[in-house]
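Engineer: Protein chains in written order, with our numbering: chain A, 1 to 114; chain B, 115 to 229.
(1) Does DSSP classify residue 152 (chain B) as helix, strand or coil?
(2) Using a Cβ-Cβ cut-off of less than 8 angstroms, give me the residues of the stretch 153 to 177 of chain B that come near chain A, in sequence order.
(3) Strictly below 7 angstroms CB to CB, what residues from chain B border residue 8 (chain A)?
(4) Closest to residue 187 (chain B) by C-alpha separation, out of B:174, B:176, B:148, would be which residue?
(5) For chain B, check one thing: does any of its Cβ atoms lie closer than 8 angstroms to the Cβ of residue 49 (chain A)?
(6) Per DSSP, what kind of secondary structure is residue 241 (chain B) in: helix, strand or coil?
(7) Does the distance from the C-beta atom of residue 112 (chain A) to that of residue 13 (chain A) stay below 8 angstroms?
(8) Just list the residues that DSSP pairs residue 124 (chain B) with in beta bridges.
(9) Cα separation between residue 173 (chain B) and residue 114 (chain A)?
(10) Taking 6 angstroms as the limit between beta carbons, can you name the residues of its chain near residue 223 (chain B), skipping five residues before and five after?
(11) Less than 8 angstroms between CB atoms is the rule here; does residue 106 (chain A) satisfy it with respect to chain B?
(12) Below 8 angstroms on the Cβ atoms is my contact criterion, and I expect residue 95 (chain A) with residue 8 (chain A) to pass it. Report the Cβ-Cβ distance as a whole number of Å.
(13) Going along the stretch 45 to 77 of chain A in order, which residues come within less than 8 angstroms of chain E, judged by CB to CB distance?
(14) If you compare alpha carbons, which of A:40, A:84, A:103, A:102 is closest to residue 20 (chain A)?
(15) Is the shortest distance between the beta-carbon of residue 18 (chain A) and the beta-carbons of chain B less than 8 angstroms?
(16) If you measure between the beta carbons of residue 80 (chain A) and residue 18 (chain A), is that distance less than 8 angstroms?
(17) Bridge partners for residue 27 (chain A) per DSSP, in chain order?
(18) Return helix, strand or coil for residue 74 (chain A), following the three-state DSSP convention.
(19) According to the neighbour-count rule (16 or more other Cβ atoms, all chains shown, within 10 Å of its Cβ), is residue 132 (chain B) buried or exposed?
(20) When you compare each of B:119, B:229, B:211, B:184 to residue 42 (chain A) by their alpha carbons, which one comes out closest?
See the structure below:
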């Protein structure tokens, strides 16, 4: 069964500090991996999408890495801001019959405090 | 552009009542999706429509029906609501399928409570 596991479940950091969120997946055959940001009470918003051949992708202060061999990804947030407080969701797409279906992780809830 | 819009934002139903959740997108996307999000769980796909005129079941379709009214609109119907359907429902759209790395755009969600 395809699965996406994220760690930690929650994280509190001081404003201005960096942090790294982890994602491990067992989705096969792998197509692409996405990171979403979901503010409280809102829909998810895409941060990055990475395919098999990409191992790093940046979007402003957000940098995602992908190791397709170990089936791990990380999301690094640099110089955190209060507005970074949100849930970050790792999502993996598989090739094949379920080509319109995604496997979502449960998310990491990040709180940035002053 | 409004992106993906959903109505209503909030709804309370009694067990056995029916209702339709509405979704519309103005990005000329081919594919549309309905998800539910429950506490402590990842988003789960209920139904999707790869293109106008087609619909397919996702991971948790039982108790729901959908209609792809036209390219813009994709509705989700609960025929006889049950407390287990209490959830936040998100509609999403994308230019194409997820294998091809098309970005999915989500609506703001509908918070449904069934008592």
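Note that the Cβ used here is the ideal one computed from N, Cα and C, for glycine as well.
Structural biologist: Once the coordinates are examined:
(1) Here residue 152 (chain B) refers to the residue found at position 38 of the second chain. Coil, per DSSP.
(2) 154, 155, 156, 157, 158, 159, 162, 164, 170, 172, 173
(3) Stepping through the first chain from its first residue, residue 8 (chain A) is reached at position 8. In chain order: nothing, as chain B lies at least about 14 angstroms away.
(4) Taking the second chain and counting its residues from 1, one reaches residue 187 (chain B) at position 73. Closest option to residue 187 (chain B), Cα to Cα, is B:148.
(5) Mapped onto the first chain, residue 49 (chain A) falls at position 49. Answer yes: the Cβ-Cβ gap between residue 49 (chain A) and chain B drops below 8 angstroms somewhere.
(6) No statement about residue 241 (chain B) is possible, as the shown extent of chain B runs from 115 to 229 and does not include it.
(7) Here residue 112 (chain A) is taken as the residue at index 112 of the first chain, counted from 1. Here residue 13 (chain A) is taken as the residue at index 13 of the first chain, counted from 1. In contact: residue 112 (chain A) and residue 13 (chain A) (Cβ atoms closer than 8 angstroms).
(8) The residue you call residue 124 (chain B) lines up with position 10 of the second chain. According to DSSP, residue 124 (chain B) bridges with B:225.
(9) For the purposes of this step, residue 173 (chain B) is taken as the residue at position 59 of the second chain. For the purposes of this step, residue 114 (chain A) is taken as the residue at position 114 of the first chain. Answer to the nearest angstrom: the Cα atoms are 40 angstroms apart.
(10) On the second chain, position 109 is the one that residue 223 (chain B) refers to. Counting only Cβ-Cβ distances below 6 angstroms, and skipping sequence neighbours, we find 202, 204.
(11) One-based indexing of the first chain puts residue 106 (chain A) at position 106. Judged by the 8 angstroms Cβ criterion, residue 106 (chain A) is in contact with chain B.
(12) Within the first chain, the letter at position 95 stands for residue 95 (chain A). Within the first chain, the letter at position 8 stands for residue 8 (chain A). With a Cβ gap of about 30 angstroms, residue 95 (chain A) and residue 8 (chain A) do not count as contacting.
(13) No chain E is part of this structure, whose protein chains are labelled A and B.
(14) In the first chain, counting from the first residue as 1, residue 20 (chain A) sits at position 20. For residue 20 (chain A), the nearest C-alpha among the options comes from A:84.
(15) Numbered from its first residue, the first chain carries residue 18 (chain A) at position 18. It does not: the Cβ of residue 18 (chain A) has no partner Cβ on chain B nearer than 8 angstroms.
(16) Residue mapping note: residue 80 (chain A) aligns to position 80 of the first chain, counting from 1. Residue mapping note: residue 18 (chain A) aligns to position 18 of the first chain, counting from 1. Their beta carbons are under 8 angstroms apart, which means residue 80 (chain A) touches residue 18 (chain A) by this criterion.
(17) The residue given as residue 27 (chain A) occupies position 27 in the first chain. The partner list for residue 27 (chain A) (beta bridge, DSSP) is empty, contrary to what the question assumes.
(18) The residue given as residue 74 (chain A) occupies position 74 in the first chain. If DSSP states are grouped into helix, strand and coil, residue 74 (chain A) belongs with the strands.
(19) Your numbering for residue 132 (chain B) matches position 18 in the second chain. By the 10 Å Cβ count, residue 132 (chain B) comes out exposed.
(20) Taking the first residue of the first chain as 1, we reach residue 42 (chain A) at position 42. Checking every option, the nearest Cα to that of residue 42 (chain A) belongs to B:119.
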